[in-house]
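Q:
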């Protein structure tokens, strides 16, 4: 199973790989508390769909989820966390 995120490239270079933490969460309603659960392997990067991720563009990235993860409930949401050091760029810009 996979999840898609639309990601904007605000850097001056094309992105080749992104390694991210994806969390499933739900609002517990108690003073804004949320319940976060890691749902992917952060050491397995995402895959950009439909060509290189050029500067200033928005592309869809596909990340695989854990196989033992149950289907999400209606009140559950997903969030993406990316550190700047987990973004890798092409050494040569694609033409």
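Residue numbers (this note's numbering): 172 to 266.
No residue lacks a Cβ here, since even glycine has one placed at the ideal position from N, Cα and C.
Predicted model, so just to flag it, every value in this text is computed and none were measured.
1) Considering only C-alpha positions, which residue in the set 261, 263 and 250 is nearest to residue 191?
2) I believe residue 194 touches residue 234 by the beta-carbon criterion, under 8 Å. Please report the beta-carbon distance rounded to the nearest angstrom.
3) Return the bridge partner residues of residue 218 from the DSSP annotation.
4) Should residue 214 be labelled buried (16 or more other beta-carbon atoms within 10 Å of its own) or exposed?
5) Between residue 189 and residue 216, is the Cβ-Cβ spacing less than 8 Å?
6) Run through the DSSP bridge pairs and tell me what residue 195 is partnered with.
7) So, is residue 181 buried or exposed, given that buried needs 16 or more other C-beta atoms within 10 angstroms?
8) Within 10 angstroms of the Cβ of residue 211, are there 16 or more other Cβ atoms? Answer buried if so, exposed if not.
A: On the basis of the coordinates in this document:
1) If we check each option's Cα against that of residue 191, 250 comes out closest.
2) Actually they do not touch by this definition, with Cβ atoms about 12 Å apart.
3) Residue 218 is bridged to 233.
4) When all chains shown are included, residue 214 counts as exposed.
5) In this structure, residue 216 lies closer than 8 Å to residue 189 by Cβ.
6) Answer is 208 and 249.
7) With a 10 Å radius around the Cβ and a threshold of 16 neighbouring Cβ atoms, residue 181 comes out exposed.
8) Classification of residue 211: buried, given that the 10 Å Cβ count is 16 or more.
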